[in-house]
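Q:
2 protein chains.
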Amino acid sequence: MSKDIGITVTKNDDFSEWYTQVVLKAELADYAPVKGFIVLRPDGYSIWESIKSALDEKFKKEGIRNGFLPVLIPESLLSKEKKHFAGFNPEAFWVTHSGENEIGDRLALRPTSETLAYSMYSKWIKSWRDLPLKINFWNTALRAEIKATKPFIRNSEFLWQEGHTVHTTAEEAEKEVLKILEIYKNIVENELAIPVITGRKSEKEKFVGAVYTTTMESLMPDGKALQMGTSHFLGQNFSKPFDVKYSDKDNVENYAWQTSWGVSWRLIGGMIMVHGDNKGLVLPPKVSPIQVVIVPIYYSENDSKKVTDKANEIEKALLDKKIRVHLDKRNELTPGFKFHDWELKGIPLRIEIGPKDIEKNKVVIATRHNREKTDLAIDKISDNIIEILQKIQKEMFDEAKKILQDKSIRIEDYTKFKEELEKGGFLYAPWCGDENCEEKIKDETGAEIRVIPFDDKNEKQKCIICGNESTSTPIFARGY
Amino acid sequence: MSKDIGITVTKNDDFSEWYTQVVLKAELADYAPVKGFIVLRPDGYSIWESIKSALDEKFKKEGIRNGFLPVLIPESLLSKEKKHFAGFNPEAFWVTHSGENEIGDRLALRPTSETLAYSMYSKWIKSWRDLPLKINFWNTALRAEIKATKPFIRNSEFLWQEGHTVHTTAEEAEKEVLKILEIYKNIVENELAIPVITGRKSEKEKFVGAVYTTTMESLMPDGKALQMGTSHFLGQNFSKPFDVKYSDKDNVENYAWQTSWGVSWRLIGGMIMVHGDNKGLVLPPKVSPIQVVIVPIYYSENDSKKVTDKANEIEKALLDKKIRVHLDKRNELTPGFKFHDWELKGIPLRIEIGPKDIEKNKVVIATRHNREKTDLAIDKISDNIIEILQKIQKEMFDEAKKILQDKSIRIEDYTKFKEELEKGGFLYAPWCGDENCEEKIKDETGAEIRVIPFDDKNEKQKCIICGNESTSTPIFARGY
Numbered sequence: 000m001s002k003d004i005g006i007t008v009t010k011n012d013d014f015s016e017w018y019t020q021v022v023l024k025a026e027l028a029d030y031a032p033v034k035g036f037i038v039l040r041p042d043g044y045s046i047w048e049s050i051k052s053a054l055d056e057k058f059k060k061e062g063i064r065n066g067f068l069p070v071l072i073p074e075s076l077l078s079k080e081k082k083h084f085a086g087f088n089p090e091a092f093w094v095t096h097s098g099e100n101e102i103g104d105r106l107a108l109r110p111t112s113e114t115l116a117y118s119m120y121s122k123w124i125k126s127w128r129d130l131p132l133k134i135n136f137w138n139t140a141l142r143a144e145i146k147a148t149k150p151f152i153r154n155s156e157f158l159w160q161e162g163h164t165v166h167t168t169a170e171e172a173e174k175e176v177l178k179i180l181e182i183y184k185n186i187v188e189n190e191l192a193i194p195v196i197t198g199r200k201s202e203k204e205k206f207v208g209a210v211y212t213t214t215m216e217s218l219m220p221d222g223k224a225l226q227m228g229t230s231h232f233l234g235q236n237f238s239k240p241f242d243v244k245y246s247d248k249d250n251v252e253n254y255a256w257q258t259s260w261g262v263s264w265r266l267i268g269g270m271i272m273v274h275g276d277n278k279g280l281v282l283p284p285k286v287s288p289i290q291v292v293i294v295p296i297y298y299s300e301n302d303s304k305k306v307t308d309k310a311n312e313i314e315k316a317l318l319d320k321k322i323r324v325h326l327d328k329r330n331e332l333t334p335g336f337k338f339h340d341w342e343l344k345g346i347p348l349r350i351e352i353g354p355k356d357i358e359k360n361k362v363v364i365a366t367r368h369n370r371e372k373t374d375l376a377i378d379k380i381s382d383n384i385i386e387i388l389q390k391i392q393k394e395m396f397d398e399a400k401k402i403l404q405d406k407s408i409r410i411e412d413y414t415k416f417k418e419e420l421e422k423g424g425f426l427y428a429p430w431c432g433d434e435n436c437e438e439k440i441k442d443e444t445g446a447e448i449r450v451i452p453f454d455d456k457n458e459k460q461k462c463i464i465c466g467n468e469s470t471s472t473p474i475f476a477r478g479y
Numbered sequence: 000m001s002k003d004i005g006i007t008v009t010k011n012d013d014f015s016e017w018y019t020q021v022v023l024k025a026e027l028a029d030y031a032p033v034k035g036f037i038v039l040r041p042d043g044y045s046i047w048e049s050i051k052s053a054l055d056e057k058f059k060k061e062g063i064r065n066g067f068l069p070v071l072i073p074e075s076l077l078s079k080e081k082k083h084f085a086g087f088n089p090e091a092f093w094v095t096h097s098g099e100n101e102i103g104d105r106l107a108l109r110p111t112s113e114t115l116a117y118s119m120y121s122k123w124i125k126s127w128r129d130l131p132l133k134i135n136f137w138n139t140a141l142r143a144e145i146k147a148t149k150p151f152i153r154n155s156e157f158l159w160q161e162g163h164t165v166h167t168t169a170e171e172a173e174k175e176v177l178k179i180l181e182i183y184k185n186i187v188e189n190e191l192a193i194p195v196i197t198g199r200k201s202e203k204e205k206f207v208g209a210v211y212t213t214t215m216e217s218l219m220p221d222g223k224a225l226q227m228g229t230s231h232f233l234g235q236n237f238s239k240p241f242d243v244k245y246s247d248k249d250n251v252e253n254y255a256w257q258t259s260w261g262v263s264w265r266l267i268g269g270m271i272m273v274h275g276d277n278k279g280l281v282l283p284p285k286v287s288p289i290q291v292v293i294v295p296i297y298y299s300e301n302d303s304k305k306v307t308d309k310a311n312e313i314e315k316a317l318l319d320k321k322i323r324v325h326l327d328k329r330n331e332l333t334p335g336f337k338f339h340d341w342e343l344k345g346i347p348l349r350i351e352i353g354p355k356d357i358e359k360n361k362v363v364i365a366t367r368h369n370r371e372k373t374d375l376a377i378d379k380i381s382d383n384i385i386e387i388l389q390k391i392q393k394e395m396f397d398e399a400k401k402i403l404q405d406k407s408i409r410i411e412d413y414t415k416f417k418e419e420l421e422k423g424g425f426l427y428a429p430w431c432g433d434e435n436c437e438e439k440i441k442d443e444t445g446a447e448i449r450v451i452p453f454d455d456k457n458e459k460q461k462c463i464i465c466g467n468e469s470t471s472t473p474i475f476a477r478g479y
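Here the protein sequences line up with chains A and B, keeping their order. Using numbering that gives the first Met the number 0, the letters of the first sequence map in sequence onto residues 0 to 479. Using numbering that gives the first Met the number 0, the letters of the second sequence map in sequence onto residues 0 to 479.
Now the structure itself:
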């Protein structure tokens, strides 16, 4: 494989360059003509389709249905909730003209749809019978990025879903917030094999306009945290300005209680970072566009027919098992080139089959995640394949979990904190709850409170900054 | 049912108002805050999901994969193919600012993605090995509508798919154009129960930038034609300005041959118009969010338990058959109200079950499309239900086909043409092929050439305008 096709740096030496090369060379995405925007190529989009379909199924089971909202939001509407507007205004794209005509009330490209959705909800909801109302929107959000962009991790337009629910009571809404976060965690851990820590954001880091934000955070191999998804309790912060009211059974009007929540294609970025290696992408079987690739090996016309026939047979047997299998029939390429090509693309399982294998009634199985090769009897392929893929999926998660645990440490001393932060990782440190201490850490070290874990067992230690009694032990880390 | 909940005009008396009321009152869509834009409510979006999933399956079988393109296209790129730009420029939305900053090269909101897609394709395609390249994009297109807008039929933003393929030969590309149109016809006729006529557009009516456009046209009950989808042969009209080239087996560089094609949520609009009636929406079973609704009928506490138990049993049996079934448990509403409600929403099949039915071991089956009621033995429901739904689907198509045939007439005389046009319908009239004659008809009557059918058996008659020998017998109609 020529140098410009393969990855030319190692994951350890230049993580950022390694990441970009994997995204581009594995043909997941490419840069669009406008800076900060990307295009998804079929393999990249296919991974998104897998994530989407897994989430969508869970949403529907939860009684959540999908809807569609336009991409354009009038400035007058976007600015109705002041804090929310202040948060999104600096990065909004503005439409000012249609054809030759100037538009009076400027139109923002959806940075998020709370304002638009709730102006509609306010029309649709009349009585308690209309609640709960739970609608999800699969669309894109647009936020002009000023910081350096990175495919999937930070882009000016990104694929995501945003869910917006309305409830009669705060309790019901808060339960929904947690249910959704649980769905997210389940999908990220089971489909993408990435372990996450769930909990609350601090006041400073919460969604602009929310009462509080719950989050799931994962750790990247460079020691930085990646926010993988958030679920917000909005209280009545939006229902009041947007007039989202319902009449209860006694015919009394009440403001409703709301939630909003979302995950984006950033999940794909996290997956690339966590699992990829120096050979390229490594895909968890559950989301890989191709789960098994068959590479036939032959060097003579005579062998060609025999090997191809057998390879076709295996392909058919796997298709019958609903495995996403691909037989690499490209005649003009060597087996060696093909091996590297599919390794670069991260296909979890490769079946190599040559004339000598057929004589011995076996194939060679190469697993991408640990780069191991073993023999497998041909008549066992079909029966064992699902189990092998499940094993790969589990091993990938276990490996990532081990790394997360190794890089998670409890720290009580600020000097030690600063030392450890340089190595990267999740630093659990006691905190008094004061935003001044939180800001001091951020200013001096770049570390933020990523999450206050739900399972936080705060033991009334001393705040790592001010020494006052701690109220929680958040995870601090530098983040993306 | 109170007057403002049901439809207050008849389909015959005020077709336009009837249509709008059905869309809004059946809760498929609602007007967004910006004029010309709509929001899809869950029932409306669910129909789009059914169409999407049926099409997506067929696309994937054809080797077409999905991708993602950003919504913003720089003006410099959009204007590279001159005719194309001239066609879309007047209705483009322009982004001029991000946050406080003015953007140098204005960004258009995607009116269609040929220009953006092909600037990417040009980077991705190097050799014949990379072809054919077939990518589809599920997204929205934005075109500022100056004419009066109508939900689903004409909006400034609409959900659609746009497919873009690249081939080594013109022949292969032209075959693809037809394959896609065949897929479209299949889905529209089989899922939406709307008969269509396929063929070519005239030069005047083709897509700006195409060599030629194939189309499928359907007839609405008001006698106007609705274009349901188009598939374009682009030749090398885009590959040249966008440099979409490949090296062939002899290492010679060639410009590629291209196609593009799309259908939008307009299909939903057509479906509403064709099948709806004075009671509201009528949905074909294949795309209905709910296929069977069960309405339990009881007036005493004692009956309530008995009826609800049996209704639950039936619901379970239908769920086991993978039927989309809903049991209407709303206690506070009368059965009569519920009947009207589900009729308004167009649910194809209603099962009514009361204490007397249970005694006789039967239910009442009400079919929405013909408003007929029959008895069905309870123990037969589960076995017969799929067949009944198929029968409904077929009868809806047959009925629409009959109307299309009745309203399709062959005309050789221009005076007769103008008379018949007032009644509405598909007018087959001989045409010499001259654009002047086509324009004269358009100017004088408002009728356009909707399609020159593939099965056109032109018998060398006289052009209805100039009297010269005809080259084809197109379908003329007024259109949406």
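Note that beta-carbon positions come from the ideal geometry of N, C-alpha and C, so glycine has one too.
1) Any beta carbon of chain A sitting closer than 8 Å to that of B/Ser471?
2) Can you list the alpha helix (DSSP H) stretches of 4 or more residues lying completely in the region 289 to 342 of chain A, in chain order?
3) Short of 8 Å Cβ to Cβ, which residues in the region 107 to 122 of chain A face chain B?
4) Is the CB-CB distance between A/Leu158 and B/Phe136 below 8 Å?
5) Does the distance from the CB of A/Asp454 to the CB of A/Thr472 come in under 8 Å?
6) Is A/Ile440 buried or exposed, if buried means 16 or more other CB atoms sit within 10 Å of its CB?
7) State the Cα-Cα distance for the pair A/Pro284 and A/Asp308, rounded to the nearest angstrom.
8) Does the pairing of the region 328 to 338 of chain B with the region 372 to 388 of chain B give three or more beta-carbon distances under 8 Å?
9) Using the beta-carbon of each residue, which ones in chain B are nearer than 9 Å to A/Gly98?
10) Once DSSP output is grouped into helix, strand and coil, what is the label at A/Asp242?
11) Can you pull the chain A neighbours of B/Arg409, defined as C-beta to C-beta under 9 Å?
12) For the region 32 to 60 of chain B, which residues have a CB atom closer than 8 Å to at least one CB atom of chain A, in sequence order?
13) When you compare the region 55 to 70 of chain B with the region 28 to 48 of chain A, are there three or more beta-carbon pairs, one atom per stretch, that lie closer than 8 Å?
14) Is A/Phe237 close to chain B, meaning its C-beta is less than 8 Å from at least one C-beta of that chain?
15) Restricting to runs no shorter than 3 residues, where is the beta strand (DSSP E) found entirely within the region 15 to 59 of chain A?
16) Listing by chain order, which chain A residues have their CB less than 7 Å from the CB of B/Ile134?
17) How long is the line joining the alpha carbons of A/Lys321 and B/Asn383, rounded to whole angstroms?
18) Counting C-beta neighbours from all protein chains within 10 Å, is the total for A/Arg142 16 or more, i.e. buried, or is it exposed?
19) Closest Cβ-Cβ distance between A/Gly66 and chain B: below 8 Å?
20) Would B/Val306 and B/Ile357 be called neighbours here (beta carbons separated by less than 8 Å)?
21) Does the beta carbon of A/Val21 come closer than 8 Å to any beta carbon on chain B?
22) Would you decide whether B/Arg128 is buried or exposed? Buried here means 16 or more other CB atoms lie within 10 Å of its CB.
23) What alpha helix (DSSP H) runs, 4 residues minimum, are completely inside the region 75 to 134 of chain B?
24) Please confirm if A/Glu156 has its CB atom under 8 Å from at least one CB of chain B.
25) Is A/Ile267 near A/Phe151, with beta carbons less than 8 Å apart?
26) Grouping DSSP H, G and I as helix and E and B as strand, with all else coil, what is B/His231?
27) In three-state DSSP terms, what is A/Met395?
28) Excluding the five sequence neighbours on either side, which residues of its own chain have a C-beta within less than 6 Å of the C-beta of B/Trp17, listed in chain order?
29) DSSP state of A/Thr219, grouped into three classes?
30) If I measure Cβ to Cβ from B/Leu233 and keep anything under 7 Å in the same chain, skipping five residues before and after, which residues do I get?
31) How far does the beta strand (DSSP E) with A/Glu351 in it extend, from its first residue to its last?
32) Counting Cβ pairs closer than 8 Å, one from the region 361 to 381 of chain B and one from the region 47 to 64 of chain B, do we hit at least three?
33) If contact is defined by three or more beta carbon pairs under 8 Å, each pair taking one atom from either stretch, is the region 221 to 230 of chain B in contact with the region 247 to 257 of chain B?
34) Please report the distance separating the alpha-carbon of A/Val363 from that of A/Ile296.
35) Assign B/Ser183 to buried or exposed, taking buried as 16 or more other Cβ atoms, counted over all protein chains shown, within 10 Å of its Cβ.
36) State the DSSP-derived secondary structure class of A/Phe136, mapped to helix, strand or coil.
A: From the atom records:
1) no
2) 300 to 319
3) Leu108, Leu115, Ser118, Met119, Lys122
4) no
5) no
6) buried
7) 26 Å
8) no
9) Asn88, Pro89, Glu90, Ala91, Phe92, Trp93, Ala143, Ile145
10) coil
11) Within chain A, no residue comes near B/Arg409; the closest Cβ sits about 41 Å away, beyond 9 Å.
12) Pro32, Val33, Phe36, Ile37, Val38, Leu39, Arg40, Pro41, Gly43, Tyr44, Ser45, Trp47, Glu48
13) yes
14) no
15) 28 to 30, 37 to 39
16) Pro41
17) 30 Å
18) buried
19) yes
20) yes
21) no
22) exposed
23) 81 to 87, 113 to 123
24) yes
25) yes
26) strand
27) helix
28) Val8, Lys10
29) A small correction: the amino acid at residue 219 of chain A is Met; Thr does not occupy that position in the sequence shown. Correct three-state label for A/Met219: coil.
30) Gly208, Ala209, Val210, Gln257, Thr258, Ser259
31) 348 to 352
32) no
33) no
34) 11 Å
35) Checking the sequence shown, residue 183 of chain B turns out to be Tyr, not Ser. Per the 10 Å Cβ criterion, buried.
36) strand
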